[in-house]
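Residue numbers (the working numbering): 24 to 152.
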């Protein structure tokens, strides 16, 4: 519960930063789920999927993009950083974390969704042999 409260607070700070940036809310709402396009990396396998997903969901990258926008006074980069950061906060708030290479369901916050049990996996692999 503690991590969820922290993520709600950070999402609130992100929304306040958008207010200060005078960003259009409709664009933010439209692009808010954009980072999830990175899940397409899983079409190339678990490793590629985890790398692409984690790149777009890592808060340090979001902060770096935002800071580069501040340094170069580029509001689009600031806005992009806030989209990535806010989206990552929402994901963490819902229990979705950065992905491990073992599969989409394995995150740094624990397992998510339905994961096949080892017994089922072993039964399938012995049947194929």
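The C-beta atom is built at its ideal place from N, Cα and C for all residues, glycine as well.
Coil, strand or helix - residue i by DSSP
i, result
"residue 142", "Because the pLDDT of residue 142 is 43, which lies under 50, any placement of that residue in the model is unreliable, and the number read from its coordinates should be weighed accordingly. It is helical."
"residue 80", "helix"
"residue 102", "helix"
"residue 127", "strand"
"residue 122", "strand"
"residue 136", "coil"
"residue 43", "helix"
"residue 55", "coil"
Where residue i falls, given that 16 or more other Cβ within 10 Å makes a residue buried
i, result
"residue 98", "exposed"
"residue 47", "exposed"
"residue 142", "Confidence at residue 142 is low in this model, with a pLDDT of 43, below 50, so the placement of that residue is unreliable and no value is reported for it."
Residue j beta carbon less than 7 Å from that of residue i
i, j, result
"residue 106", "residue 63", "no"
"residue 110", "residue 58", "yes"
Proximal residues to residue i (C-beta, below 8 Å), its chain only, five neighbours per side dropped
i, result
"residue 84", "78 and 107"
"residue 147", "Unreliable positioning characterises residue 147 in this predicted model, as indicated by a pLDDT of 43, which lies under 50. The coordinate reading is nonetheless provided below. Excluding positions up to five away in sequence, the list is empty."
Residues of its chain near residue i, where Cβ-Cβ distance is below 7 Å and the 5 sequence neighbours each way are ignored
i, result
"residue 51", "41 and 106"
"residue 65", "72 and 127"
"residue 118", "132 and 135"
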